[in-house]
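*Asks:* Same order as they appear, the protein sequences are chains L and W. Using the working numbering, you'd call the opening residue of the first sequence number 6 and step up by one each time. Using the working numbering, you'd call the opening residue of the second sequence number 6 and step up by one each time. Note that the Cβ used here is the ideal one computed from N, Cα and C, for glycine as well. Computed from a predicted structure; not experimentally measured.
2 protein chains.
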Amino acid sequence: MAAAAPPPPPAPAPEPSIAFQESSRRDNPLFSRIRLATPADVPHIHKLIHQMAVFERLTDLCSATESSLSATLFNSAPFTSFTIFLLEVSPKPFPSSDRVIYLDHPLIDPQRETFISDNVNDVTVAGFVLFFPNYSTFLAKPGFYIEDLFVRECYRRKGFGRMLLSAVAKQAVKMGYGRVEWVVLDWNVNAIKFYEEMGAKVHDEWRICRLTGPALEKYGDDAI
Amino acid sequence: MAAAAPPPPPAPAPEPSIAFQESSRRDNPLFSRIRLATPADVPHIHKLIHQMAVFERLTDLCSATESSLSATLFNSAPFTSFTIFLLEVSPKPFPSSDRVIYLDHPLIDPQRETFISDNVNDVTVAGFVLFFPNYSTFLAKPGFYIEDLFVRECYRRKGFGRMLLSAVAKQAVKMGYGRVEWVVLDWNVNAIKFYEEMGAKVHDEWRICRLTGPALEKYGDDAI
């Protein structure tokens, strides 16, 4: 689950026919792709995490730094441990794996300079999803747990949340995994509706228990 | 979280002074230790998972076999992925790392033959905990997620649930990890009380979303 809070919900996406397929209009194209993050992406990942903390009003709980992220991510092969898919957008087509939507108006990204990842090709980082393997003893199969899913504000309500979540689900199927799981706030009815439309079941009866901070540290005492 | 259900709660443990320390009485000693499971333990692990499914009345959801467990567990170094601690008990002392409790009456284990792991030394498997790393982006630190914790019926209410959970917490602290998390059923007030006494916070506002079965499989379709 998200650090001290669930992943912010992707805004309810437009119909797939609008979000993912070409329409007859060709104004203001926005190409997008999802790719595996690398250590070189840490500065952008750090800024996305900070924005997520602001969005969740939990900046006081966010102590991640570029250095601590670099030390704890990318230490194993993709999908075997903590894995990040980055969402990139561009007004120009990507060489491959791109999708395109056409916007009514040109998109103004006030933080374009901050999140640019390829200046030559006008590519900007728009969001990310962090996930890792979990395990079901009943299925005797791994699955994926989505810790965080975040799309920057000006790119919301365009189907990118769905695109990121679908990318994880697709990867799970590809690997023969049994489940994809994440958490949502119980009052976030829009997010719950969106997830249910994507095929997820929301389990109302479970509660998350967390042992952290001093309450966890005391278990380091050999006397316990 | 547990396969289709949270881990069964360890029964409320006796006071640590009773559970973990030697009392003045020396009748009916029950020595115990926690050790890393190995591939050779799969038959016992499979039986424990099956008992857990029976306990949770979810046998219809349990498709794990010895073969599928062997194929998906023990594929990486301990603690880097899915990891199992086994709880073993014996009326005789272990060479090391053992704890002892003294029982009012000799303990009758009706399934001793099924769960014996060392006939010479009279060692029996009494429970297990399965856990794996998770990740907090806010902390930029891994943690552990406890998928299942199970103690066989005749060994409950003796502090073994606490002992297994403590072992995971201790390992987390040893590795500099930030959290230990698991789930509990909202109506299981005894378990919630027990976990809170162990220092855990129960997060009431989160709900678990799960994409599985045909709803997940459809994401394998390239058209999506």
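How close, in whole Å, do the beta carbons of I54 of chain L and T142 of chain W come, if the pair is a contact with beta carbons under 8 Å?
*Replies:* That belief holds up - the Cβ atoms of I54 of chain L and T142 of chain W are roughly 5 Å apart, short of 8 Å.
*Asks:* Give me the Cβ distance between V4 of chain L and H49 of chain L, rounded to the nearest whole Å; I'm assuming they're in contact under 8 Å.
*Replies:* Since the displayed chain L opens at 6 and closes at 229, residue 4 of chain L lies outside it and no answer follows.
*Asks:* For F99 of chain W, which residues of its own chain have a beta-carbon under 7 Å away from its beta-carbon, when the five flanking residues on both sides are left out?
*Replies:* Cβ within range, chain order: F36, R38.
*Asks:* Cα separation between L108 of chain L and K223 of chain L?
*Replies:* Going by the C-alpha atoms only, they are around 54 Å apart.
*Asks:* Quick check: the Cα distance between V125 of chain W and F165 of chain W, rounded to an integer number of angstroms?
*Replies:* Their backbone Cα atoms lie some 23 Å apart in a straight line.
*Asks:* Do you know how far the Cα of L41 of chain W is from the Cα of P83 of chain W?
*Replies:* Rounded to whole angstroms, P83 of chain W to L41 of chain W spans 8 Å at the Cα level.
*Asks:* What ranges does the alpha helix (DSSP H) occupy inside the stretch 142-222 of chain L, keeping only unbroken runs of at least 4 residues that lie completely in it?
*Replies:* Complete alpha helix (DSSP H) runs here, min 4: 165-179, 194-202, 218-222.
*Asks:* Name the residues in the stretch 143-157 of chain W whose C-beta lies less than 7 Å from a C-beta of chain L; which are they?
*Replies:* Those would be F143, L144, A145, K146, P147, Y150, E152, D153, in chain order.
*Asks:* Please confirm whether any heavy atom of the ligand SAH lies closer than 7 Å to the CB of F136 of chain W.
*Replies:* As for the ligand SAH, it is missing from this structure, which has no ligand bound.
*Asks:* Determine whether the Cβ of D209 of chain L lies closer than 8 Å to any Cβ atom of chain W.
*Replies:* Taking Cβ atoms only, chain W reaches closer than 8 Å to D209 of chain L, which makes this a yes.
*Asks:* Name the chain W residues whose beta carbon is nearer than 7 Å to that of T43 of chain L?
*Replies:* Within chain W, no residue comes near T43 of chain L; the closest Cβ sits about 17 Å away, beyond 7 Å.
*Asks:* Between the stretch 205-215 of chain W and the stretch 203-214 of chain L, do at least 3 Cβ pairs fall closer than 8 Å?
*Replies:* The answer is yes - the stretch 203-214 of chain L touches the stretch 205-215 of chain W, with three or more Cβ pairs under 8 Å.
*Asks:* Between the stretch 110-123 of chain W and the stretch 153-163 of chain W, do three or more beta carbon pairs fall short of 8 Å?
*Replies:* Yes: the two stretches touch, three or more of their Cβ pairs being nearer than 8 Å.
*Asks:* Give the interface partners of E186 of chain W over in chain L, defined as CB-CB distance under 7 Å, in chain order.
*Replies:* Result: I213, C214, R215.
*Asks:* Return the CA-CA distance between K52 of chain W and T217 of chain L, expressed in angstroms with no decimal places.
*Replies:* Using only the alpha carbons, I get a separation of about 32 Å.
*Asks:* What residues in the stretch 48-61 of chain W have a beta carbon less than 7 Å from any beta carbon of chain L?
*Replies:* So the close ones are I54, A58.
*Asks:* For L135 of chain L, which of helix, strand or coil comes out of DSSP?
*Replies:* Strand.
*Asks:* Using the C-alpha atoms, what's the distance from F137 of chain W back to T85 of chain W?
*Replies:* One C-alpha to the other measures close to 7 Å.
*Asks:* So what does DSSP say about P48 of chain L, is it helix, strand or coil?
*Replies:* Here P48 of chain L sits in helix by DSSP.
*Asks:* Label V188 of chain L either buried or exposed according to how many other C-beta atoms from any shown protein chain fall within 10 Å of its C-beta, with 16 as the threshold for buried.
*Replies:* The residue is buried, with at least 16 neighbouring Cβ atoms inside 10 Å.
*Asks:* Please report whether the beta-carbon of M203 of chain W lies at a distance below 8 Å from any beta-carbon of chain L.
*Replies:* Yes - at least one Cβ of chain L is within 8 Å of the one on M203 of chain W.
*Asks:* How would you label K97 of chain L, buried or exposed, when you count the other beta carbons within 10 angstroms and need 16 or more for buried?
*Replies:* So K97 of chain L ends up on the exposed side.
*Asks:* What did DSSP end up calling T85 of chain L once you bin it into helix, strand or coil?
*Replies:* Coil, per DSSP.
*Asks:* Buried or exposed, going by whether 16 or more other CB atoms sit within 10 Å of the CB of V194 of chain W?
*Replies:* The residue in question, V194 of chain W, is exposed, as its Cβ has fewer than 16 Cβ neighbours within 10 Å.
*Asks:* Answer with buried or exposed for L221 of chain L, where buried requires no fewer than 16 other C-beta atoms within 10 angstroms of its C-beta.
*Replies:* Counting Cβ neighbours within 10 Å, L221 of chain L comes out buried, since at least 16 surround it.
*Asks:* In chain order, which beta strand (DSSP E) runs of at least 3 residues are fully inside the stretch 54-134 of chain L?
*Replies:* Listed in chain order, the complete beta strand (DSSP E) runs (minimum 3 residues) inside the stretch 54-134 of chain L are 88-95, 104-107, 121-123.
*Asks:* Expressed to the nearest angstrom, what Euclidean distance is found between the alpha-carbon atoms of V94 of chain L and V128 of chain L?
*Replies:* Their Cα atoms are separated by approximately 6 Å.
*Asks:* Looking at chain L, is there any beta carbon in it that lies within less than 8 Å of the beta carbon of Q26 of chain W?
*Replies:* At Q26 of chain W, the pLDDT of 48 sits below 50, so the modelled position is not reliable; the number obtained from the coordinates is stated separately. By this cut-off, Q26 of chain W is not an interface position.
*Asks:* Check each candidate in L:M203, L:A145, L:E158 and name the one with the smallest Cα separation from S72 of chain W.
*Replies:* S72 of chain W has its Cα closest to that of L:A145, out of L:M203, L:A145, L:E158.
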